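Visitor: Take the sequence shown: its letter number 416 is residue 416 in full-length UniProt numbering, and every next letter is one higher. Cβ atoms here follow ideal geometry from the backbone N, Cα and C, with glycine treated the same way. Here the structure is a predicted model, which is why all the values come from computation and not from measurement. Dropping the structure in here first, questions after.
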Amino acid sequence: MTNYIYPKFGYLRSKEQAEGIVKRHPIVVIGAGPVGLTAALDCAARGQPVVLLDDNDTVSIGSRAVCYAKRPLEIWNRLDCADPMVERGVSWNVGKVFFRDELSYQFDLLPESDHEWPAMINLQQYHLEEILVARCRASPLIDLRWKHRLISLKQAADHAELAVETPDGIFTMEAQWVIACDGANSDTRKMVGAEFKGQYFEDRFLIADVAMKADFPTERWFWFDPPFHPAQSVLLHRQADDIWRIDFQLGWDADPDEEKRPERVIPRIKAMLGEDTEFELEWVSIYQFACRRIDKFRHGRVLFAGDAAHQVSPFGARGANTGVQDIDNLAWKLAMVLRGEAPEALLDSYHDERAYAADDNILNSTRATDFITPKTKVSRHFRDAVLELAQHHGFARPLVNSGRLSTPTPYVTSPLNTFDDSLLDGEMRPGTNAATLR
Numbered sequence: 001m002t003n004y005i006y007p008k009f010g011y012l013r014s015k016e017q018a019e020g021i022v023k024r025h026p027i028v029v030i031g032a033g034p035v036g037l038t039a040a041l042d043c044a045a046r047g048q049p050v051v052l053l054d055d056n057d058t059v060s061i062g063s064r065a066v067c068y069a070k071r072p073l074e075i076w077n078r079l080d081c082a083d084p085m086v087e088r089g090v091s092w093n094v095g096k097v098f099f100r101d102e103l104s105y106q107f108d109l110l111p112e113s114d115h116e117w118p119a120m121i122n123l124q125q126y127h128l129e130e131i132l133v134a135r136c137r138a139s140p141l142i143d144l145r146w147k148h149r150l151i152s153l154k155q156a157a158d159h160a161e162l163a164v165e166t167p168d169g170i171f172t173m174e175a176q177w178v179i180a181c182d183g184a185n186s187d188t189r190k191m192v193g194a195e196f197k198g199q200y201f202e203d204r205f206l207i208a209d210v211a212m213k214a215d216f217p218t219e220r221w222f223w224f225d226p227p228f229h230p231a232q233s234v235l236l237h238r239q240a241d242d243i244w245r246i247d248f249q250l251g252w253d254a255d256p257d258e259e260k261r262p263e264r265v266i267p268r269i270k271a272m273l274g275e276d277t278e279f280e281l282e283w284v285s286i287y288q289f290a291c292r293r294i295d296k297f298r299h300g301r302v303l304f305a306g307d308a309a310h311q312v313s314p315f316g317a318r319g320a321n322t323g324v325q326d327i328d329n330l331a332w333k334l335a336m337v338l339r340g341e342a343p344e345a346l347l348d349s350y351h352d353e354r355a356y357a358a359d360d361n362i363l364n365s366t367r368a369t370d371f372i373t374p375k376t377k378v379s380r381h382f383r384d385a386v387l388e389l390a391q392h393h394g395f396a397r398p399l400v401n402s403g404r405l406s407t408p409t410p411y412v413t414s415p416l417n418t419f420d421d422s423l424l425d426g427e428m429r430p431g432t433n434a435a436t437l438r
């Protein structure tokens, strides 16, 4: 049972549908999740009118993505959204890794002081989306349309034609450019014939969001082979509103329907927290994951971002964080093209840079998954040896991988880089994110 009250956003019939006219818009964004909402805000911030379509009329169900890194916070700050996110969320920078019941090591994502933004905040996705929706509704350049589902898409040389279904029927609209942010099961991706390529992992994990008062510090705790959940892994995170995220590795043979039942979930939580701990189940979900992407992020007039373009494992919080950085890369280029200040070929650099970033995230996610879920006895023995050594020997700690947390990918191979950058060698290469200090 959830204590969160989901908002309902009212459906409004558009003028173009009511009048039966076909109107061409500069930008149409598909999907009002964190990435799509950010896309609308960033394009509007650059003076571009945006129509944002979503087939639902509320925010995402369940906490879903909860960890947001410093770089997306910097982007959202530029869009006047970050302050309420940090105020609403839980900031953290320390993580601890346990092997069985012993601490293997701990890390600090932000050992330096005077950074303007925390290394990470934990905030349920529904809270984050509410903040972004409020900001979109305040913008005169954003037309946010709920209960609008894209059902077909055709492309011409200078625009895309979209058939959209609403409670009042189907109508046609046009867009000079479409930004597809409709998630891992993207209908837009299927409409242009783009396919994922990569690896699908045969494992299952249980998410349990638990409401409770607890004395755990605001840190990321990750267990390998704990006594309360032998031979598997467990992750603990604090969220806003005294909600705690617990991830249990279940294994590929677990029955998803059976494992979601409270009779199965509650004993796992009690084994972890203690029989006398009082808590309430807020949300339960079973997930699987893949590490893969589409070949091209640009398909004619359609540009893909976030999970519609690439997928990674949840270890390292690289999903939504990467999608927001996709938009940060795309929006300024698209605005320049629409203003006639750059050729359409500039948009090809979006694929070059963000596909490179996606490959980097896929590599890191795959490595983390292989360490967390070893596939052979030999790899498990190696992992366990590393975890034991890490308790006492510093050389072993870099080998421990409970998920490398999201950081910006430098665009070292970007076609936009110039060769007169000798003053920017080393850590300040072109495409490298600069720290924002107080």
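Three or more C-beta pairs closer than 8 angstroms, one from the region 33-42 and one from the region 312-328: is that the case here?
Guide: yes
Visitor: Using the C-alpha atoms, what's the distance from D57 back to Y11?
Guide: Start at 1 with the first residue of the sequence shown, and residue 11 comes out as number 11. Start at 1 with the first residue of the sequence shown, and residue 57 comes out as number 57. Whole-angstrom Cα-Cα distance: 7 angstroms.
Visitor: Enumerate in chain order the residues of its own chain whose CB-to-CB distance from D187 is below 7 angstroms, with the five nearest sequence positions on each side excluded.
Guide: What you label residue 187 is simply residue 187 of the sequence shown in a count that begins at 1. Around D187: L150.
Visitor: Short check: CB of D209 to CB of G89, under 9 angstroms?
Guide: Counting from 1 along the sequence shown, the entry for residue 209 is found at position 209. Counting from 1 along the sequence shown, the entry for residue 89 is found at position 89. No, they are not a contact pair.
Visitor: Taking the alpha carbon of H193 as the point to measure from, which residue in Q125, H115, F297 has its own alpha carbon closest?
Guide: Here residue 193 refers to the residue found at position 193 when the sequence shown is read from its first residue. Looking at the sequence itself, residue 193 is Gly, so the reference to His does not match. Among Q125, H115, F297, the Cα nearest to that of G193 is on F297.
Visitor: Would you tell me roughly how many angstroms separate the C-alpha atoms of S313 and D360, rounded to the nearest one?
Guide: Here the question's residue 313 lines up with position 313 in the sequence shown. Here the question's residue 360 lines up with position 360 in the sequence shown. About 13 angstroms.
Visitor: Residues in its own chain within less than 8 angstroms of Y6 by CB, not counting five upstream and five downstream?
Guide: Counted from its first residue, the sequence shown places residue 6 at position 6. The beta carbon of Y6 lies closer than 8 angstroms to those of T58, V59, I61, Y126 in the same chain, with the five residues before and after it left out.
Visitor: If the criterion is Cβ atoms closer than 9 angstroms, does the pair P26 and Q176 meet it?
Guide: Numbered from 1 along the sequence shown, position 26 holds the residue referred to as residue 26. Numbered from 1 along the sequence shown, position 176 holds the residue referred to as residue 176. A contact, by the Cβ cut-off of 9 angstroms.
Visitor: Determine the burial state of K333: buried for a count of at least 16 other Cβ atoms within 10 Å of its Cβ, exposed for fewer.
Guide: Sequence index remark: in the sequence shown, residue 333 carries index 333 (1-based). Looking at its Cβ environment, which holds 16 or more other Cβ atoms inside 10 Å, K333 is buried.
Visitor: At which residue ranges does the region 149-230 contain complete alpha helix (DSSP H) runs of 4 or more residues, listed in the order of the chain?
Guide: 187-192
Visitor: Determine the extent of the beta strand (DSSP E) in which I286 is found, giving its start and end residues.
Guide: Locating residue 286 in the sequence shown gives position 286, where the first residue counts as 1. Note, I286: beta strand (DSSP E), 280-294.
Visitor: Since S286 and K260 are thought to touch, with beta carbons under 8 angstroms apart, how far apart are those beta carbons, to the nearest angstrom?
Guide: In the sequence shown, the residue the question calls residue 286 occupies position 286. In the sequence shown, the residue the question calls residue 260 occupies position 260. For the record, residue 286 in the displayed sequence is Ile; it is not Ser. Confirmed, Cβ separation roughly 6 angstroms.
Visitor: Flag this pair as yes or no: are the beta carbons of E174 and A157 separated by less than 9 angstroms?
Guide: In the sequence shown, counting from the first residue as 1, residue 174 sits at position 174. In the sequence shown, counting from the first residue as 1, residue 157 sits at position 157. No. Outside cutoff.
Visitor: Kindly give me the distance between the Cβ atoms of V400 and V378, rounded to whole angstroms, as I take these residues to be in contact under 8 angstroms.
Guide: Your numbering for residue 400 matches position 400 in the sequence shown. Your numbering for residue 378 matches position 378 in the sequence shown. Incorrect: roughly 18 angstroms between the Cβ atoms, too far for contact.
Visitor: The beta strand (DSSP E) with W76 in it runs from where to where?
Guide: Within the sequence shown, numbered from 1, the residue matching residue 76 stands at position 76. Segment 70-78 is the alpha helix (DSSP H) holding W76; no beta strand (DSSP E) there.
Visitor: Sort N433, H392, E16, P343 by Cα distance to G169 and report the nearest one.
Guide: For this step, residue 169 is matched to residue 169 along the sequence shown. Nearest of N433, H392, E16, P343 to G169, Cα basis: E16.
Visitor: For E292, I'd like the list of residues in its chain whose CB is within less than 8 angstroms of its CB, leaving aside the five on either flank, ordered along the chain.
Guide: Mapped onto the sequence shown, residue 292 falls at position 292. According to the sequence provided, residue 292 is Arg. The question's Glu does not apply to it. Correct list, in chain order: F196, K197, G198, Q199, Y200, H310, Q311, I362.
Visitor: In terms of DSSP beta bridges, what is H310 paired with?
Guide: Here residue 310 corresponds to residue number 310 of the sequence shown, with the count starting at 1. BP columns for H310 point to R293.
Visitor: Quick one: using the 10 Å Cβ neighbour count with 16 as the cut-off for buried, is L153 buried or exposed?
Guide: The sequence position of residue 153 within the sequence shown is 153, counting from 1. L153 comes out buried.
Visitor: At 3 residues or longer, and completely inside the region 86-162: list those beta strand (DSSP E) runs for me, N to C.
Guide: Segments of the beta strand (DSSP E) lying fully in the region 86-162: 90-92, 94-99, 102-108, 120-122, 142-145, 149-155.
Visitor: I'd like to check one pair, F222 with G300: are the Cβ atoms closer than 9 angstroms?
Guide: Here residue 300 is taken as the residue at index 300 of the sequence shown, counted from 1. Here residue 222 is taken as the residue at index 222 of the sequence shown, counted from 1. The answer is no: Cβ separation not under 9 angstroms.
Visitor: Return the bridge partner residues of W244 from the DSSP annotation.
Guide: Residue 244 sits at position 244 when you count from the first residue of the sequence shown. W244 is bridged to V210, R238.
Visitor: What span of residues does the alpha helix (DSSP H) with I327 cover, start to end?
Guide: Counted from its first residue, the sequence shown places residue 327 at position 327. Segment 319-338, the alpha helix (DSSP H) holding I327.
Visitor: So R264 and H237 are in contact, right, with Cβ under 8 angstroms, and what is the actual spacing, rounded?
Guide: Translated into positions along the sequence shown, residue 264 becomes position 264. Translated into positions along the sequence shown, residue 237 becomes position 237. About 21 angstroms separates the two Cβ atoms, so there is no contact after all.
Visitor: Please report the straight-line C-alpha distance between C43 and R13, rounded to a whole angstrom.
Guide: Residue 43 sits at position 43 when you count from the first residue of the sequence shown. Residue 13 sits at position 13 when you count from the first residue of the sequence shown. Whole-angstrom Cα-Cα distance: 23 angstroms.
Visitor: Out of curiosity, what's the CA-to-CA distance linking K375 and I142?
Guide: Counting from one through the sequence shown, the residue named residue 375 turns up at place 375. Counting from one through the sequence shown, the residue named residue 142 turns up at place 142. Cα to Cα, K375 sits roughly 48 angstroms from I142.
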